[in-house]
Amino acid sequence: MWMSQVDANGHYSLFITPLHYYQTYIGCAISVLTNGTLVYIILSRPHQKMGNYKYVVLAFVCFDILYSLVDVITKPGLYYYKQSFVLFSSGGLLSYPPPIGVFAACLWTAFFAIVKYMYLFTLKYAWIWVVVVALGSLDYALTCWFTMYPTETTYDFLEDTIQENFNISVRNLGFISSVYWISNNNTIQMSYRDFFGMINIFILECVTFSAMIYCGYKSQRALSKFNTMLSSSTRALQKSLLKALVIQTMVPLFLAYIPCWIGFSLPLTPFEVSKVTSNNVVITALTLFPICDCIVIIYYVKAFRDTLIEILGNIPCLNCWIGQILPDSRSTRSNKVHSSSQSNNKQCSTQMT
């Protein structure tokens, strides 16, 4: 059963458990912290061998931070009822009045057309690709606005169940919804508007995912072509960067695309999904996406990982802990300090002589 809090002005908060209420805030804080750390790592070190890759990573990071901020001001929730799904704002800053809540839901969904299109931004005439991505995102948002905006039929269909489960009138709820089958005069009719919206969104997500696969394949071909022309260190760096990109492809697949496909298509299946399951799995996965995306980059790119270890090693309370789990890095750092001190002492003795 959903719990609801509604003030005198009509502003509401809907949640299943206290953890569900705070999960978007916690996720946003962790995302901003981890991605902000990655920005500092990139900007505080030259990383000259990486070339344009560091700018691609900065594009990833900016997207992840912006996505988390939109997520926290929207606080999306998911609800299923018979042959329909409801994506609503559960109490974010843009939840009320209802038209603003609809806008927030459309804005949040538009980000799925941007996911990982940043692969294209290192090509020539990058501004053209920026326009293409913006148009794709606009198409996604407008599709949700025009094909999922609640109508009188939607209100009548959802009023009783929303009132029963949320203790709030559906007309006071900011949401978008697709009712795929409509009951009219004891006959079941297909809603062409809702099916068109679902098909268009499915095509957009397939296009973005195909772009990721294509660019990853071209990167692998380019790396194989120049494999013999690169030094061993540069070749190892490029392979680690490519591995990071491959894993980054899996992150949105499992934490963004698949949850979205499930969310839009589940009402078409005979499966019954509880409110707790749909929110704890789908919405939580989408909240974790920008966090996991950043962690993958730091973990698989050795230059970023070593820089983070160095930064953490300079923090007194973490220095001993870093030394215990990574004794090699600690000894290496000590040798560097020892060598530096010996060099300084030798220079001083030379000057005295």
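For any residue, its number in our numbering is found by taking its place in the sequence shown, counting from 1, and adding 67.
Quick reminder that beta carbons are idealized off the backbone N, C-alpha and C, glycines included.
This structure is a prediction, so every number in the text was calculated from the model and none was measured.
| Check | Outcome |
| --- | --- |
| Can we say the segment 136-150 touches the segment 160-171, given the rule of at least three CB pairs closer than 8 Å? | yes |
| How many angstroms separate the CA atom of Ile358 from the CA atom of Leu125? | 14 Å |
| Could you spell out where the beta strand (DSSP E) holding Tyr148 opens and where it closes? | Pro143 to Tyr148 |
| So which of Asp223, Phe242, Ile280 and Thr176 has the shortest CA-CA distance to Pro326? | Thr176 |
| Report the three-state DSSP secondary structure of Lys413 (helix, strand or coil). | In this predicted model, Lys413 has a pLDDT of only 44, less than 50, meaning its place in the structure is not dependable; the value taken from the coordinates is given anyway. Helix at Lys413. |
| Would you grab the beta carbon distance between Tyr207 and Leu271 for me? Rounded to a whole angstrom, and I think it's under 8 Å. | 6 Å |
| Mind checking who Ile255 pairs with in its DSSP beta bridge? | Ser250 |
| Contact defined as beta carbons within less than 8 Å: I believe Tyr163 pairs with Gly241. What is the distance between those atoms, to the nearest angstrom? | 7 Å |
| For Leu81, does the count of other Cβ atoms within 10 angstroms reach 16, so buried, or fall short, so exposed? | buried |
| Name the DSSP bridge partner or partners of Val153? | Tyr146 and Ser244 |
| Classify Asn381 as buried or exposed, calling it buried when 16 or more other Cβ atoms lie within 10 Å of its own Cβ. | exposed |
| Flag this pair as touching only if the segment 275-292 and the segment 245-262 have three or more C-beta atom pairs under 8 Å; answer yes or no. | no |
| Less than 8 Å between C-beta atoms, sequence neighbours within five positions excluded: which residues of the same chain meet that for Val313? | Gly283 |
| Thinking just about the alpha-carbon of each residue, which of Tyr107, Ile108 and Phe155 is nearest to the one in Tyr79? | Phe155 |
| Can you list, in chain order, the residues of its chain with a C-beta nearer than 7 Å to that of Tyr324? Leave out the 5 residues immediately preceding and following it. | Glu272 and Phe276 |
| Taking the alpha-carbon of Ile350 as reference, which of Phe262, Leu322, Phe130 and Thr220 has the nearest alpha-carbon? | Leu322 |
| Any idea if Asp223 is buried or exposed, counting beta-carbon neighbours within 10 angstroms, 16 or more meaning buried? | exposed |
| So, with DSSP's three-state summary, where would you put Ile235? | coil |
| Flag this pair as yes or no: are the beta carbons of Pro165 and Asn232 separated by less than 9 Å? | no |
| Could you compute how far the alpha carbon of Ile329 sits from the alpha carbon of Ile132? | 25 Å |
| Among Lys149, Leu100, Thr354 and Lys310, which one has its Cα closest to the Cα of Ser244? | Lys149 |
| Helix, strand or coil, according to DSSP, for Thr218 in the structure here? | coil |
| Express the C-alpha separation of Thr220 and Asn253 in angstroms, rounding to a whole number. | 15 Å |
| Taking the alpha helix (DSSP H) that Thr101 falls in, what are its first and last residues? | Pro85 to Ser111 |
| Would the beta-carbon of Leu355 fall within 9 Å of that of Gly159? | no |
| Taking the alpha-carbon of Tyr216 as reference, which of Val237, Pro383 and Trp196 has the nearest alpha-carbon? | Val237 |
| Measure the Cβ-Cβ separation of Leu308 and Tyr107 and say whether it is below 9 Å. | no |
| Going straight from the alpha carbon of Ser286 to that of Leu320, what length do you get? | 19 Å |
| Determine the contact status of Gln315 and Asp360, defining contact as a CB-CB distance below 9 Å. | yes |
| Taking its Cβ as the centre, do 16 or more other Cβ atoms sit within 10 Å of Leu110, making it buried, or is it exposed? | exposed |
| May I ask you to report which of helix, strand or coil DSSP gives Tyr207? | helix |
| Between which two residues does the alpha helix (DSSP H) harbouring Gly168 extend? | Pro165 to Ala177 |
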